[in-house]
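Trainee: Residue 386 in the UniProt record's numbering is what sits at position 386 of the sequence shown, and the numbering runs on without skipping anything.
By construction, the Cβ of each residue, glycine as well, lies at the ideal position given by its N, Cα and C atoms.
Bear in mind the structure is a predicted one, so any value in this text is a computation, not a measurement.
Here's a structure for you.
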Amino acid sequence: MNTWDEAGGAALHNPLDITRAATMIIDGRGVVSGWSSAAQELLGYPPDEVIGKHANALLARTHVTHAQPLRCGPEPRLRSEAFDVRHRDGRMLRMAATMCPLTHHAGLESATLVIAAELEALQGWDTHQAMLADLVTRSPIQLAIYDNSLHLTWANMAAGLELGAPLSHFADQRVDEIYPEGEVISKGHPATLEEAMQQVLRTGVPIVDLRYRARMPSDPEHVYVWSCSYYRLTGARGEPLGVCEEAVDITERYRAQQRLALLVRAGAQLGRSLDMTRIGHELAEVCIPDFADAVAVDVLQTVIEGEEPDAASPLVHLQPTATGEPSGNTAVSGPTAVQSIPDSAAARCLSTSLPVIDQEGSGVSRVHLPLRARGATMGLLTLTREAHQQPFDAEETMLATELARLTAVCIDNARMYTGQRRAALTLQRSLTNTPLPTVPGLELAGRYLPASSHMVGGDWFDVIGLPGGRTGLVIGDVMGHGVHAAAVMGQLRTAVRTLARLGIAPAQLLRSLDAVMADAGEDEMATCVYAVYDPAAHDCVIARAGHPPPLAVGARGAITFLDGACGMPLGVGGQDFQTEHVLLPPDGVLVLYTDGLIEARDRQIDQGMHQLAQSLHERSVPLAQLCDRIIGRLLPHGAEDDVAVLLARPLHPSPGHP
């Protein structure tokens, strides 16, 4: 069977069209009396080899037994028949023919007009005709033709059902008038259908898979999405006749793609923060305006506080309802109280832990969904669509349920983090906020600043009274954050106090701590400085384990970083720590600090150390004031990491004392 490419435009013509088909005339005796050029082209016989001979000579033997196979018979009537005909080169051709009787007057015997074509060509034409007919009446693809003025001139049945009115109703309307609220939603295409058609008319280049969203004239209550393609219709002389539109309703497929994209976006965006209010803000950014006009996240008060969910606890808003535009354009608000209405849809959702759709008489559609994680309900997610939007359907409710599940997991993670951080802060504050002791011959000041990121770290400092009037000064930083880091810090602080009170020298004390941490087998590491000050000799003995160098202000105000031998951090194991001595006269200052004081994203460590040294040029103020000045100068916008600072200044001997 010929394809469209093989047959070209001829495939649109009936092979038995008398202007194109092979024709012959057979007289009443069965003798060929007329022979067309198309018959010669089809069968190979020139007229002089056929005319005057019996028509049966052309037939295959199987047909010769028929008395008059190419004649209309004694009763003249139109008939069609298929038979085999011998080509001049000996081939057999399966032919289809229509026999038309030609009746003579004056009693002459009738003749027959035979119109013939290859059977395969006729069958192909029949198939093409069926295809064309079904494109008009049965095809689900919507076909429409617009003239050069872009007025609708023809539509198949599928397009007609979409229009919902006779074609004459739209005769004077252009396409953008038929779909006044429609919009092109695919990238890389003209902004309107009219612009797309004008481009096709002008360039002749087809447009394929333009995505268009609009309300169907026959169903204005719902929004549909089509995949549209356009190509120019050209006349026999090559002149543009108009534009043909092919449109396929892809509404369900498009919505499924959008639902999947929304879930992917939610999975990537939600949970980037462990702040519950921020999670609500991120959810609003995902949902508004493509899926909902407003989002509200309400969470139990106990969950906000980092505790286990308690159904008796009141609800609070995490993300106040935002309508009309993505919440990224508004500031993030904190939790606010929610008034509970016992018999409301929201209350039913909380009590049953099932989604509840609430359709208001005004046309507003809401879906309430429980926020559940680890088998417990922690709150409520409410999505709202205004009256101009379609209500939530069953599939969209399933999508909303998945969004609620993702949100609940993120909120539960934030809840656990909040509880753990509170525990870590409580532990850390109990260890770092203890008032410094009064020790002989030293003025002391210390500060601890948690990181602005709310991550609890393992920084600490301590002052230990030792035998003989000496004082132990300790500062350290456990690597990592969270409850575990704070717990390790507490263990190290206790170990240092115990070892120091045994009178162990600084280097040996660090070796003992290193062995303890290495033997623990948990890959824990910490940096530390341990210094022992002897007021009688104004001597300070210092040992370091991977920690930033202390700063000393000596005689005549000389400022020195004690960057002598520094061992590896505690926990590496098998180290031999060294000590460094420094004279610390009255009014001198020893500064111990953790790396959070001098490190920052926008500042190199050496710059931070330089700023620290500069802040000690004026040190005649009390140490507590000096400590605050140092922190204010180096950390004007808060600490990015935990920071601990410990200052010690030898006092002048009292009269009568050495």
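#1: Got a sec, what are the start and stop residues for the alpha helix (DSSP H) residue 671 sits in?
#2: Quick check: what's the CA-CA separation for residue 638 versus residue 459?
#3: Express the C-alpha separation of residue 358 and residue 364 in angstroms, rounding to a whole number.
#4: Quick one: grab the DSSP three-state call for residue 286.
#5: Quick check on DSSP: helix, strand or coil for residue 170?
#6: Let me know if residue 605 comes out buried or exposed under the rule of 16 or more other beta-carbons within 10 Å of its beta-carbon.
#7: From what residue to what residue does the alpha helix (DSSP H) around residue 672 run?
#8: Would you tell me roughly how many angstroms separate the C-alpha atoms of residue 648 and residue 474, rounded to the nearest one?
#9: Pick out the complete beta strand (DSSP E) segments inside the segment 234–264, 3 residues or longer, and give them in chain order.
#10: Looking at residue 201 and residue 708, is the spacing between their C-beta atoms short of 8 Å?
#11: Just reading off the beta strand (DSSP E) that residue 24 is part of, what are its end residues?
#12: CB residue 594 to CB residue 644, shorter than 8 Å?
#13: My understanding is that residue 538 touches residue 584, with C-beta atoms under 8 Å, so please give their C-beta distance in whole angstroms.
#14: DSSP has residue 367 in a bridge; who is on the other side?
#15: Within the same chain, show all residues whose beta-carbon is closer than 8 Å to that of residue 627, passing over the 5 residues directly before and after it, in chain order.
#16: Among the candidates 530, 249, 239, whose CA atom is the shortest distance from the CA of residue 224?
#17: Taking buried to mean at least 16 other C-beta atoms within 10 Å of its own C-beta, is residue 144 buried or exposed?
#18: Can you tell me the Cα-Cα spacing of residue 184 and residue 346, whole angstroms?
#19: Is the distance from the Cβ of residue 83 to the Cβ of residue 59 below 8 Å?
#20: If you follow the beta strand (DSSP E) that residue 457 is part of, which residue opens it and which one closes it?
#21: List the endpoints of the continuous beta strand (DSSP E) containing residue 443.
#22: Cutting at 7 Å between CB atoms, please list the residues of its own chain near residue 619, excluding the five before and the five after it.
#23: Let's test the definition: count the other Cβ atoms within 10 Å of the Cβ of residue 329 and tell me whether it reaches 16, buried, or not, exposed.
#24: So for residue 525, helix, strand or coil by DSSP?
#25: From the DSSP output, in three-state form, read off residue 495 for me.
#26: Rounded to whole angstroms, what's the CA-CA distance from residue 256 to residue 395? Just pull it up for me.
#27: So is the beta-carbon of residue 19 under 7 Å away from any non-hydrogen atom of the ligand MG?
#28: Consult DSSP for residue 66 and reduce its assignment to one of helix, strand or coil.
#29: Out of 493, 467, 128, state which residue places its alpha-carbon closest to the alpha-carbon of residue 503.
#30: Rounding to the nearest angstrom, what Cα-Cα distance links residue 441 and residue 535 in this structure?
#31: When the cut-off is 8 Å and only beta carbons count, does residue 140 lie next to chain B?
#32: At what residues does the beta strand (DSSP E) containing residue 98 begin and finish?
#33: Roughly how far, in whole angstroms, is the beta-carbon of residue 457 from the beta-carbon of residue 275, given that I think they are within contact range, below 8 Å?
#34: Using the Cα positions of residue 174 and residue 378, report the straight-line distance between them to the nearest angstrom.
#35: What are the residues that DSSP puts in a beta bridge with residue 182?
#36: Ordered along the chain, which non-local residues of its own chain (more than five positions away) have a Cβ less than 7 Å from that of residue 561?
Mentor: Let me lay it out:
#1: Only positions 1 to 658 of the chain appear in this structure, which leaves residue 671 out of reach.
#2: Taking the first residue of the sequence shown as position 1, residue 638 is located at position 638. Taking the first residue of the sequence shown as position 1, residue 459 is located at position 459. A direct Cα-Cα distance of roughly 16 Å separates residue 638 from residue 459.
#3: Residue numbering aside, residue 364 sits at position 364 when the sequence shown is read from its first letter. Residue numbering aside, residue 358 sits at position 358 when the sequence shown is read from its first letter. One C-alpha to the other measures close to 8 Å.
#4: In the sequence shown, residue 286 corresponds to position 286, counting from 1. Three-state DSSP puts residue 286 in a helix.
#5: The residue you call residue 170 lines up with position 170 of the sequence shown. In the structure shown, residue 170 sits in a helix (DSSP, three-state: H, G or I).
#6: Position 605 of the sequence shown holds residue 605. Exposed, since its Cβ has fewer than 16 Cβ neighbours within 10 Å.
#7: Any answer about residue 672 is impossible in this case: the structure gives the chain only from 1 up to 658.
#8: Numbered from 1 along the sequence shown, position 648 holds the residue referred to as residue 648. Numbered from 1 along the sequence shown, position 474 holds the residue referred to as residue 474. Spanning the two alpha carbons is a distance of roughly 11 Å.
#9: 240–249
#10: Any question about residue 708 goes unanswered here, given that the chain covers just 1 to 658.
#11: In the sequence shown, the residue the question calls residue 24 occupies position 24. Per DSSP, residue 24 belongs to the beta strand (DSSP E) from 22–26.
#12: Numbered from its first residue, the sequence shown carries residue 594 at position 594. Numbered from its first residue, the sequence shown carries residue 644 at position 644. Contact flag set, yes.
#13: If you number the sequence shown from 1, residue 538 lands on position 538. If you number the sequence shown from 1, residue 584 lands on position 584. That belief holds up - the Cβ atoms of residue 538 and residue 584 are roughly 6 Å apart, short of 8 Å.
#14: Position 367 of the sequence shown, counted from the start, is the residue given in the question as residue 367. Answer by DSSP bridge pairing, in chain order: 357, 383.
#15: Within the sequence shown, the letter at position 627 stands for residue 627. Correct list, in chain order: 445, 446, 447, 645, 647.
#16: Working through the sequence shown from its first residue, we reach residue 224 at position 224. The shortest Cα separation from residue 224 among 530, 249, 239 belongs to 249.
#17: Reading the sequence shown from its first residue, position 144 is the one you call residue 144. Residue 144 is buried by the Cβ-count criterion.
#18: Start at 1 with the first residue of the sequence shown, and residue 184 comes out as number 184. Start at 1 with the first residue of the sequence shown, and residue 346 comes out as number 346. Looking at the two C-alpha atoms, the distance is approximately 37 Å.
#19: Working through the sequence shown from its first residue, we reach residue 83 at position 83. Working through the sequence shown from its first residue, we reach residue 59 at position 59. Yes; because the gap between Cβ atoms is below 8 Å, this pair is in contact.
#20: For this step, residue 457 is matched to residue 457 along the sequence shown. Judged by DSSP secondary structure, residue 457 falls within the beta strand (DSSP E) whose first and last residues are 457–465.
#21: Here residue 443 is taken as the residue at index 443 of the sequence shown, counted from 1. Counting along the chain, the beta strand (DSSP E) containing residue 443 begins and ends at 442–449.
#22: Along the sequence shown, read from residue 1 onward, the residue named residue 619 stands at position 619. Closer than 7 Å at the Cβ level, and outside the excluded window around residue 619, lie 553, 589, 626.
#23: Residue mapping note: residue 329 aligns to position 329 of the sequence shown, counting from 1. Residue confidence for residue 329 is low, a pLDDT of 34 falling below 50, so the modelled location carries little weight; the figure read from the coordinates is stated next. It is exposed - the Cβ of residue 329 has fewer than 16 other Cβ atoms within 10 Å.
#24: Taking the first residue of the sequence shown as 1, we reach residue 525 at position 525. DSSP places residue 525 in the coil class of the three-state scheme, outside both helix and strand.
#25: Position 495 of the sequence shown, counted from the first residue, corresponds to residue 495. DSSP places residue 495 in helix when its eight states are reduced to three.
#26: The count along the sequence shown starts at 1 and reaches residue 256 at position 256. The count along the sequence shown starts at 1 and reaches residue 395 at position 395. For residue 256 and residue 395, the distance between alpha carbons rounds to 9 Å.
#27: The model on display carries no ligand, and the ligand MG is accordingly not part of it.
#28: By 1-based counting over the sequence shown, the position of residue 66 is 66. Its pLDDT being 45, under 50, residue 66 is placed unreliably by the model, and nothing is read from it.
#29: Residue mapping note: residue 503 aligns to position 503 of the sequence shown, counting from 1. Ranking 493, 467, 128 by Cα distance to residue 503 puts 467 first.
#30: If you number the sequence shown from 1, residue 441 lands on position 441. If you number the sequence shown from 1, residue 535 lands on position 535. Distance between the alpha carbons of residue 441 and residue 535 is about 6 Å.
#31: The structure shown contains no chain B; it holds only a single protein chain.
#32: Position 98 of the sequence shown, counted from the first residue, corresponds to residue 98. From DSSP, the beta strand (DSSP E) with residue 98 extends over 92–102.
#33: Here residue 457 refers to the residue found at position 457 when the sequence shown is read from its first residue. Here residue 275 refers to the residue found at position 275 when the sequence shown is read from its first residue. Rounded, the Cβ-Cβ distance is 18 Å, inconsistent with contact.
#34: Numbered from 1 along the sequence shown, position 174 holds the residue referred to as residue 174. Numbered from 1 along the sequence shown, position 378 holds the residue referred to as residue 378. The straight-line gap from Cα to Cα measures roughly 54 Å.
#35: The residue labelled residue 182 in the question sits at position 182 within the sequence shown. Answer is none; residue 182 lacks a bridge partner.
#36: Taking the first residue of the sequence shown as position 1, residue 561 is located at position 561. Hits under 7 Å: 549, 551, 609.
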